[in-house]
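Remarks on the structure that follows.
Number of protein chains: 2
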Amino acid sequence: MAMHGIVLFGHGARDVRWREPFERLAVKLREASAGARPVALAFLELMEPDLPTALGELVAQGCDVVTVVPVFFGQGGHVRKDLPLVIEQCQALHPSVRIKCAVAVGEDEAVLDAVAQYCLRQV
Amino acid sequence: MAMHGIVLFGHGARDVRWREPFERLAVKLREASAGARPVALAFLELMEPDLPTALGELVAQGCDVVTVVPVFFGQGGHVRKDLPLVIEQCQALHPSVRIKCAVAVGEDEAVLDAVAQYCLRQV
Chain A
50 MAMHGIVLFG
60 HGARDVRWRE
70 PFERLAVKLR
80 EASAGARPVA
90 LAFLELMEPD
100 LPTALGELVA
110 QGCDVVTVVP
120 VFFGQGGHVR
130 KDLPLVIEQC
140 QALHPSVRIK
150 CAVAVGEDEA
160 VLDAVAQYCL
170 RQV
Chain L
50 MAMHGIVLFG
60 HGARDVRWRE
70 PFERLAVKLR
80 EASAGARPVA
90 LAFLELMEPD
100 LPTALGELVA
110 QGCDVVTVVP
120 VFFGQGGHVR
130 KDLPLVIEQC
140 QALHPSVRIK
150 CAVAVGEDEA
160 VLDAVAQYCL
170 RQV
């Protein structure tokens, strides 16, 4: 059976506190799968690890399928141009691993609904 | 009675398609308040309008209270350092308007739950 890992891929920031929601998200995903589905964080810049490092760790844990989820609001240049190049690099490093890439989380209707509800609770 | 507006404050990007979820979010908020609560988008950089322009338009529409919601995942330098400076500038321009600032949407538990559910639907 395929072992399927998830990489939460974010932009990265200079302030380490920016990372907190990403860590909380990883904990939620690990809890939801009772630890059966490896979850790693990866960042485009300014924070470690980068995607090749994070993906390499999931492969070392036995993953043969990895889904990269861009934790971005919109599909801009980072998701449309930078990320495919890094995924291509990862695919060359791990030719036997199936690497899939999701649409940015902020494009999801239910995510936007939750953001809208949050906004309405602020006024 | 106070008229309360909302500014959805995002980073901005070079690719105009990045903006789409922000436009959808604004539509959701306008629908939720049946048009009674003005909603504007504003961006830190790379996209128009900036926050002073957006806030000025809400004030021109009669808002005397405005809540700025940072549509960011984490509370990094943009939210902790850049945004307060721009809000200070807006406050000086509109001293009679009460300008409030929310915590970044990605810090909200329900938003993170929705993101986690989205991630789980990708695997």
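If you're matching them up, the sequences are chains A and L in order.
Each residue of the first sequence is one higher than the one before, starting from 50 at the first, in my numbering.
Each residue of the second sequence is one higher than the one before, starting from 50 at the first, in my numbering.
Just so you know, even glycine gets a beta-carbon here, dropped at the ideal spot from N, CA and C.
Given the structure is predicted, the values throughout are model-derived calculations rather than measurements.
Relative to the C-alpha of residue i, which candidate in the options has its C-alpha closest?
{"i": "R86(L)", "options": "K77(L), E94(L), L93(L), F92(L)", "result": "K77(L)"}
{"i": "Q171(L)", "options": "F92(A), V115(A), E106(A)", "result": "V115(A)"}
{"i": "M52(A)", "options": "G125(A), G111(A), A165(A), R129(A)", "result": "G111(A)"}
{"i": "V173(A)", "options": "L169(L), G61(L), F121(L)", "result": "With chain A covering 50 to 172 only, the question about residue 173(A) has no answer from this structure."}
{"i": "F92(A)", "options": "Q140(A), Q166(A), R63(A), A163(A)", "result": "R63(A)"}
{"i": "P133(L)", "options": "M50(L), G54(L), F58(L)", "result": "F58(L)"}
{"i": "L107(A)", "options": "V88(A), D162(A), G125(A)", "result": "V88(A)"}
{"i": "K149(L)", "options": "V65(L), L100(L), L74(L), R66(L)", "result": "L100(L)"}
{"i": "G54(A)", "options": "A103(A), L142(A), E137(A)", "result": "A103(A)"}
{"i": "P144(A)", "options": "M50(A), G105(A), R79(A)", "result": "G105(A)"}
{"i": "F183(L)", "options": "A151(L), Q138(L), M50(L), E137(L)", "result": "Outside the displayed span of chain L (50 to 172) sits residue 183(L), for which this structure offers no information."}
So residue i contacts chain L; which residues on that side make the cut at Cβ distance below 7 Å?
{"i": "G59(A)", "result": "F122"}
{"i": "V118(A)", "result": "C168, Q171"}
{"i": "I148(A)", "result": "Within 7 Å Cβ-Cβ: nothing; I148(A) doesn't reach chain L, min ~12 Å."}
{"i": "R79(A)", "result": "By Cβ distance, chain L contributes nothing, its closest Cβ being about 10 Å from R79(A), past 7 Å."}
Is residue i close to chain A? Criterion is C-beta to C-beta, closer than 8 Å.
{"i": "R68(L)", "result": "yes"}
{"i": "Q166(L)", "result": "yes"}
{"i": "Q140(L)", "result": "no"}
{"i": "G136(L)", "result": "Per the sequence shown, residue 136(L) should be read as Ile rather than Gly. False, the Cβ-Cβ gap to chain A never drops below 8 Å."}
{"i": "A151(L)", "result": "yes"}
{"i": "L74(L)", "result": "yes"}
Per DSSP, residue i is paired with what?
{"i": "C150(L)", "result": "V117(L)"}
{"i": "V56(L)", "result": "A89(L), V117(L)"}
Contact check, residue i vs residue j under 8 Å by CB: the rounded distance?
{"i": "A153(L)", "j": "V135(L)", "result": "Between V135(L) and A153(L) the Cβ distance is about 15 Å, and since that is not below 8 Å, they are no contact."}
{"i": "M96(L)", "j": "G61(L)", "result": "4 Å"}
{"i": "G155(L)", "j": "P70(A)", "result": "4 Å"}
{"i": "V160(L)", "j": "V56(A)", "result": "Not really, about 20 Å apart at Cβ, beyond 8 Å."}
{"i": "A109(A)", "j": "L90(A)", "result": "Actually they do not touch by this definition, with Cβ atoms about 16 Å apart."}
{"i": "V65(L)", "j": "D113(L)", "result": "Contact doesn't hold; Cβ gap of about 32 Å is too wide."}
{"i": "D162(L)", "j": "Y167(A)", "result": "The Cβ separation is near 11 Å, so there is no contact."}
{"i": "W67(A)", "j": "G125(L)", "result": "3 Å"}
Counting only Cβ pairs nearer than 7 Å, list the residues of chain A close to residue i.
{"i": "R129(L)", "result": "D64"}
{"i": "L107(L)", "result": "Residues of chain A passing the Cβ test: none, with the nearest at roughly 12 Å."}
{"i": "A159(L)", "result": "A163, Q166, Y167"}
Distance cutoff 8 Å, beta carbons only. Does residue i sit that close to anything in chain L?
{"i": "D99(A)", "result": "no"}
{"i": "D162(A)", "result": "yes"}
{"i": "G125(A)", "result": "yes"}
Identify the contact partners of residue i in chain A, using a Cβ-Cβ distance below 9 Å as the criterion.
{"i": "R86(L)", "result": "L169, V172"}
For a contact defined as C-beta to C-beta under 8 Å, what are the partners of residue i on chain L?
{"i": "H143(A)", "result": "Under the 8 Å cutoff, chain L gives no residues; its nearest Cβ is about 17 Å from H143(A)."}
{"i": "L93(A)", "result": "Residues of chain L passing the Cβ test: none, with the nearest at roughly 13 Å."}
Can you list the residues of chain A that residue i reaches, using a CB-CB cut of under 8 Å?
{"i": "E156(L)", "result": "E69, P70"}
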